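The opening residue of the sequence shown carries number 1 in the UniProt record's numbering; numbering runs sequentially from there.
Quick reminder that beta carbons are idealized off the backbone N, C-alpha and C, glycines included.
The structure presented is a predicted model; accordingly, all values stated were derived computationally and were not measured.
Structure, as structure tokens:
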Amino acid sequence: MSWTPITPRGRGAKKKAWKPPDPKRRAELMEKSKAKKQKTRSKLAPIERLPTEILQRIFLLSENLSFPRSSLHVGLLLSPKSFLTELVVYAFSPTWDVWFGCPVEGVVSYTGWHEDETRIGGDLTLQSDVLASPWANLSIILDAQRRWYRRHGAGRYFQHSRFQTLRLPEWEKWRSMFEEHPRDGFGHAADVTTCFERDWKWFKSIVTLEGVTLEGISTRPVRTGYIDMHPSARIPNRLITGPLDWEQAKLLYWFARGGARMNGIHQSWEVTSEAYDRIMDLPDEHLRITFLNLFEMLGAFADWPPSLWCEKVSLVYKRDGHSGHTDDNPTVRFLEHVSL
């Protein structure tokens, strides 16, 4: 038996003398580390090993927007903006092929044709799911319309809808305020964004004008605008619940211009009532009156109980100190104009 070594307190073992690193030993350690990483890395499923083009085609034909959630790798391959734009084209082409550039008021057909789901064209479920996706913004939608137009709509006749026009004599009174823009023509919509921006600028300008009546609000018998989507496609609740800013208002305007409608199934009066309260709390009066007009055009107030509307109007009168008709407040003018 050997003696137990005793070392003085505070003194460690004798350090080994320094030696230069051994290249062979370093290479062996690197090989072991690399092999360990390869073993721990999860293997790709067979479908994940498919080429991206084939995987994207499978996704389009499946029309299942839950497919990208099957794995992180699949979601990564299906997330480029160019492909998401192609997905919008795929979903809305059946509708645009028939109705693009054709104002609704110009359609002469049987009564209730706009509610005939089999006639409109397009899968309302697919369109609703695409529009409800968090990545679906106005930039992608307009890019999709431009891409579709280059493929299928070149030279097609396009006419601006009366949705944006004023009733006489208001047209003669206010037309000088806005820049000239052709109303129609073959190949007129070569730049879809330009036409949309023109209509959006027009709409923002006229909603605050005193004494102006818009064509085609939901309480009027004349339906105006376009059919850019299936009329029964759902409006995403995120556009109603907020945040309420100009970007959201512009996207909601695309829905109103394209023929969308709110309904009591997906947007109950409780939901629209809460959204109305948030609109009325907006400090920007121009933004507030813009959202109110958009909600009215989309039929958001159609399912409200009459007592609720009277309550909301009385609160506005009490807040703003108005007890009767007034022309100096765009919000009050709007509320007095709307009839349920």
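Whose C-beta lies closer than 7 Å to the C-beta of residue i among residues of the same chain, with five residues either side of it excluded?
i, result
"P94", "G121, G122"
"G242", "R278"
"R147", "T85, V89"
"G259", "V104, G225, Y226, I227, D228, M229, P231"
Three-state secondary structure (DSSP) at residue i?
i, result
"Y317", "helix"
"Y157", "strand"
"P5", "coil"
"G211", "Reliability fails at G211, whose pLDDT of 48 lies under 50, so the model's placement of it is uncertain and no value is given."
"R220", "Low per-residue confidence applies at R220: pLDDT is 40, beneath 50, and the placement is therefore not dependable, though the value from the model is reported in the following sentence. Residue state, collapsed to three classes: coil."
"L166", "Residue placement at L166 cannot be trusted, given a pLDDT of 48 that sits under 50; what the coordinates show is reported in the next sentence. It is a strand residue."
Relative to the C-alpha of residue i, which candidate in the options has its C-alpha closest?
i, options, result
"L44", "L282, D281, D277, S70", "S70"
"H284", "W246, L251, A233", "Reading the sequence as shown, one finds Asp at residue 284 and not His. Closest option to D284, Cα to Cα, is W246."
"S62", "S79, L77, L87, P51", "L87"
"F255", "R9, N293, E311, K24", "N293"
"N137", "Q248, G259, R288", "Q248"
Assuming residue i and residue j are in contact, meaning their beta carbons sit under 8 Å apart, how far apart are those beta carbons, in whole angstroms?
i, j, result
"L298", "R261", "6 Å"
"M229", "F100", "Not confirmed; about 11 Å, so no contact."
"T85", "D143", "5 Å"
"K250", "W202", "Between W202 and K250 the Cβ distance is about 13 Å, and since that is not below 8 Å, they are no contact."
"C102", "Y253", "The Cβ separation is near 19 Å, so there is no contact."
"L244", "L282", "6 Å"
"K81", "I140", "7 Å"
To which residues of the same chain is residue i closer than 8 Å at the C-beta, ignoring the five residues directly before and after it?
i, result
"Q267", "I235, N237, I240, A300"
"V74", "I47, E48, L55, F67, P68"
"R288", "I279, M280, L282, T331"
"P169", "Bear in mind that a pLDDT of 49 at P169, under 50, signals an unreliable position, so the model cannot answer this."
Near residue i, what residues of its chain come up, given a Cβ to Cβ distance below 6 Å and the 5 sequence neighbours on each side ignored?
i, result
"L65", "D129"
"L124", "H230, S232, A233"
"T272", "A300"
"F59", "F67, L78"
"F83", "Q56"
"P21", "none"
"Q145", "V192"
What are the complete alpha helix (DSSP H) segments, minimum 4 residues, inside the stretch 262 to 312? Qualifying alpha helix (DSSP H) stretches, in chain order: 269 to 280, 285 to 297.
Which complete alpha helix (DSSP H) runs does the stretch 68 to 153 hold, if anything under 4 residues is left out? The alpha helix (DSSP H) runs lying completely inside the stretch 68 to 153 and spanning 4 residues or more are 72 to 77, 81 to 99, 117 to 120, 124 to 132, 138 to 148, given in chain order.
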